[in-house]
Ligand code: AMP
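In our numbering, the protein residues as written are 28 to 143.
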């Protein structure tokens with residue numbers, strides 16, 4: 028069940044501050060508080076969903092499409108398309124997810140190391 032008190036839910040409700048990179052009606056993109064690369068941005072859709080499969084199950088087509096188009100826009104704004112980047116989303120215990128609100132990580136600005 029979705030936890031209304033997770034940290035990204037609080038950020039989306041403006042209850043705690045964040046460093047915004049981009050925001051629109053459907054999504055918020057913020058700087059990760061503990062960056063794992065020179066560029067580390069989190070993309071958070073504005074819907075109560077726990078992880079990727081929950082997002083695809085609950086969100087309507089317009090929101091799903093908008094979220095990924097916003098991701099594309101953020102990639103353009105970051106100017107990382109030419110050098111490359113990594114987009115990941117952790118889910119559940121085995122995936123190492125810490126915050127139970129679906130989000131994607133954009134890692135870039137340097138060579139991103141092996142996943143293992
Ligand atoms: P995950 O392990 O995929 O759930 O990733 C959660 C991410 O959220 C981690 O990279 C944290 O550094 C990041 N994080 C936690 N709290 C905050 C916060 N208040 N503002 C920005 N990023 C945060």
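Cβ coordinates follow ideal geometry from the N, Cα and C atoms, glycine included.
Notebook entry, point to check: Closest to residue 112 by CA distance: which of 71, 29, 58, 65 is it?
Noted result: 65
Note to self: Within the continuous beta strand (DSSP E) that includes residue 103, where are the two ends?
What the structure shows: Residue 103 -> not in any beta strand (DSSP E); alpha helix (DSSP H) instead, spanning 88 to 105.
Notebook entry, point to check: Is it true that the CB of residue 74 sits closer than 8 Å to the CB of residue 86?
Noted result: yes
Note to self: Which residues does DSSP list as the beta-bridge partners of residue 67?
What the structure shows: 134
Notebook entry, point to check: In terms of residues, what are the limits of the beta strand (DSSP E) holding residue 83?
Noted result: Per DSSP, residue 83 belongs to no beta strand (DSSP E); it is in the alpha helix (DSSP H), 79 to 85.
Note to self: Let's see if you can read the secondary structure: which residues bound the alpha helix (DSSP H) around residue 73?
What the structure shows: Counting along the chain, residue 73 falls outside any alpha helix (DSSP H), and DSSP gives it neither H nor E.
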